[in-house]
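Data first, discussion second: the structure below is written as structure tokens.
Numbering (this note's numbering), first residue to last: 13 to 426.
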């Protein structure tokens, strides 16, 4: 079998002579080998483009995206994906792939735009399930975006998915509560209860749903959401509670007061009574020894902004070896949100004790510790943690900038 270098040279020779078909034949030989350079697919696609074979070119660009993703060159994959979309803007799957790539790179604004384009194409095609998937991905990328959540809820209701609509309303109720908008939070929660009380009362206790969870990354801003310095998710994170690397956005009291005064007062709902009923229903169905359900319940409380209740559930769940690491991590996130940085740091340390550097979520834990240390003013210790993250995963979103930003003052002092 010929070496790839020999085949490439022959292909270039044919291209120089203007024999495009023979050049493509050489590239086909090349693609049968194991050591194909992703860029070879791009070159072959360019040849097809010269011939006017747009569809073939787009297909080869798609193979290039596959190859670049496989070796972790996500920026290259995104660049070639954009080239394919310039030729055919209606490639819905390419929009979704680019959205996932950009989300994994921390480019939330761009990811949301791609997911919304995927949603739009599917909606125009009459594919309601695909349209829903696009909005779900967009909401996952920017979970604090109330406007997108409302659109997703409406689409759930239109397709008679009352349970999903209720869960989304309950989730966004927690977001609104975090922002200090208690009335809107209560209103959304009441709507959720009216749609499907069972779905809201036990959002994650059902056995088949035990591993599901909303993802987290960004604050609000419609499709204009901007990335911040919160701990990032691992690439293509599955929709579970297993890797919750996020420190939530903080809100200034003045901003909250302005928003509340600008909004007409809505009828109040006794959220305390609603919560009391919710707890009673949960306790009747979940035993204290059911650590997975207790952990999931803690996540639900956290999403509702009920941090003390969430901490209680994570403490129960941490008694189980299988849940300990992630339960302590989530407890750390709760403490951080409550500005209890010492407690947050201790919780993250205990999570690390039950983790290995080989674990996928280990870099995220280190990053969370760095953020907590930085908030406490312990810059040198924070820098050590960020450097550890960089050594474990150089592609971790935002880590290079974080290390450089904290390292600069030290270098100036020297």
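A virtual CB, placed ideally from N, CA and C, is assigned to each residue, including glycine.
Limits of the alpha helix (DSSP H) - the one that residue i falls within
i: residue 434; result: Residue 434 lies beyond the residue range present for the chain, which begins at 13 and ends at 426; the question has no answer from this structure.
i: residue 20; result: 16 to 28
i: residue 106; result: 104 to 116
i: residue 189; result: 174 to 190
i: residue 312; result: 303 to 315
i: residue 135; result: 120 to 136
Local Cβ density within 10 Å of residue i, reported as buried at 16 or more and exposed below that
i: residue 44; result: exposed
i: residue 159; result: exposed
i: residue 183; result: buried
i: residue 46; result: exposed
i: residue 386; result: buried
i: residue 312; result: buried
i: residue 403; result: exposed
i: residue 173; result: buried
i: residue 176; result: buried
i: residue 54; result: buried
i: residue 148; result: buried
i: residue 335; result: buried
i: residue 136; result: exposed
i: residue 17; result: exposed
i: residue 83; result: exposed
Cβ separation of residue i and residue j, assumed to be a contact under 8 angstroms, to the nearest whole Å
i: residue 102; j: residue 127; result: Not confirmed; about 16 angstroms, so no contact.
i: residue 343; j: residue 359; result: 4 angstroms
i: residue 104; j: residue 130; result: 5 angstroms
i: residue 153; j: residue 178; result: Residue 153 to residue 178, Cβ: 22 angstroms. No contact.
i: residue 26; j: residue 20; result: About 11 angstroms separates the two Cβ atoms, so there is no contact after all.
i: residue 428; j: residue 110; result: There is simply no residue 428 to check, as the chain begins at 13 and stops at 426 in what is shown.
i: residue 375; j: residue 408; result: 5 angstroms
i: residue 384; j: residue 353; result: 5 angstroms
i: residue 167; j: residue 143; result: 7 angstroms
i: residue 118; j: residue 410; result: 6 angstroms
i: residue 189; j: residue 310; result: Not a contact, Cβ separation roughly 16 angstroms.
i: residue 106; j: residue 74; result: 7 angstroms
i: residue 329; j: residue 306; result: 4 angstroms
Simplified DSSP assignment, three categories, for residue i
i: residue 63; result: helix
i: residue 141; result: helix
i: residue 101; result: coil
i: residue 44; result: coil
i: residue 156; result: coil
i: residue 93; result: helix
i: residue 331; result: coil
i: residue 208; result: coil
i: residue 412; result: helix
i: residue 83; result: coil
i: residue 324; result: helix
i: residue 318; result: coil
i: residue 165; result: helix
i: residue 31; result: coil
i: residue 193; result: coil
i: residue 396; result: helix
- Message: Extract the residue ranges of the alpha helix (DSSP H) inside the segment 338 to 394, only unbroken runs of 4 or more that lie entirely within it.
- Response: Considered as a whole, the segment 338 to 394 harbours 353 to 365 and 374 to 387 as its complete alpha helix (DSSP H) runs of no fewer than 4 residues, in chain order.
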